[in-house]
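For what it's worth, the working numbering labels the leading residue of the sequence shown as 42, then goes sequentially. To start, the structure itself, in structure tokens.
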Amino acid sequence: MKHFSFVSLTIREGQVFLRNIESSVDTDSDRMAEPEWTSIFQNYATSMREGDSWCLQFDNTLVPNSPKPGWQQYIKNTGARFLCTKCGRSWPSNRVMVVFHMQLKDGQGVVKVRRFRQDCKKCKEAPMEKPSITPDNINILMESLVEKIRIKCYHEDLGKANRPFQKLDVKSPHEPTHCEACREGICTQEMQM
Numbered sequence: 042m043k044h045f046s047f048v049s050l051t052i053r054e055g056q057v058f059l060r061n062i063e064s065s066v067d068t069d070s071d072r073m074a075e076p077e078w079t080s081i082f083q084n085y086a087t088s089m090r091e092g093d094s095w096c097l098q099f100d101n102t103l104v105p106n107s108p109k110p111g112w113q114q115y116i117k118n119t120g121a122r123f124l125c126t127k128c129g130r131s132w133p134s135n136r137v138m139v140v141f142h143m144q145l146k147d148g149q150g151v152v153k154v155r156r157f158r159q160d161c162k163k164c165k166e167a168p169m170e171k172p173s174i175t176p177d178n179i180n181i182l183m184e185s186l187v188e189k190i191r192i193k194c195y196h197e198d199l200g201k202a203n204r205p206f207q208k209l210d211v212k213s214p215h216e217p218t219h220c221e222a223c224r225e226g227i228c229t230q231e232m233q234m
């Protein structure tokens, strides 16, 4: 079952029009996190072409390196914390991958987002847990995403590099066997695609 939350943003005659569209989501933490992502995206999306409408959708079925025809891809890593729902253990990671697929067609822009999960190394048959990303790192992701949209969808030459994410204090090495992005072969890619 797909779970989506998104906000539609339209800029007309210098005014910003927002429309919230809510749907069911996987967990309570998702209900709290996704509106924050969409709110931050709205703030950055105002820099895009006037009259265009953009929405942000969460889609856990996105396949990395396989955007549908007419779609562009952007993969970025960030820092986040994870919490095991089985044992309560938490851990930080600076290898949290986020995949964006984006399309602009006839003034309607859509960005689909997938945040890659990790599981607890202490629990047997641990569930994959979604990352808890700080507002600062969500801001950095959304700023980088909008820059990438302007380059890929509007063909703008911005001539600057993306801001790096805020790294967390991580005491142990990354463990590929517990990382969904490693399992799908994208974790080692620091892509600016």
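We put the CB at the ideal spot given by N, CA and C, even for glycine.
Is it right to say Tyr195 is buried, meaning 16 or more other beta carbons lie within 10 angstroms of its own, or is it exposed?
-> By the 10 Å Cβ count, Tyr195 comes out exposed.
Leaving out the 5 sequence neighbours to the left and right, which residues in its chain are closer than 8 Å to Lys146 when beta-carbon positions are compared?
-> Gly111
Out of Val187, Cys128 and Val139, point me to the one whose CA is closest to Thr87's CA.
-> Scanning Val187, Cys128 and Val139 for the CA closest to the CA of Thr87 turns up Val187.
Could you check the C-alpha separation between Arg156 and Cys228 for me, to the nearest Å?
-> 12 Å
How is the beta strand (DSSP E) around Asn118 delimited, first residue to last?
-> Gln113 to Leu124
Below 6 Å CB to CB, which residues in the same chain sit around His215 once its five sequence neighbours on both sides are set aside?
-> Arg136, listed in sequence order.
Quick one: Cα of Ala121 to Cα of Ser173, how far?
-> 5 Å
Where does the unbroken alpha helix (DSSP H) through Lys208 begin, and where does it stop?
-> First-last for Lys208: undefined, no H or E at that position.
Do you know offhand how far Ile181's Cα is from Phe206's?
-> 6 Å
Alpha carbon to alpha carbon, how far is Gly150 from Met183?
-> Between Gly150 and Met183, the C-alpha separation is close to 15 Å.
Contact under 8 Å by Cβ, Leu124 with Ser131 | yes
Please name the residue in Ala74, Trp95, Glu75 and Pro76 whose C-alpha comes closest to that of Ile190.
-> Trp95
Completely contained alpha helix (DSSP H) runs for the stretch 124 to 194, where each covers 4 or more residues | 176 to 193
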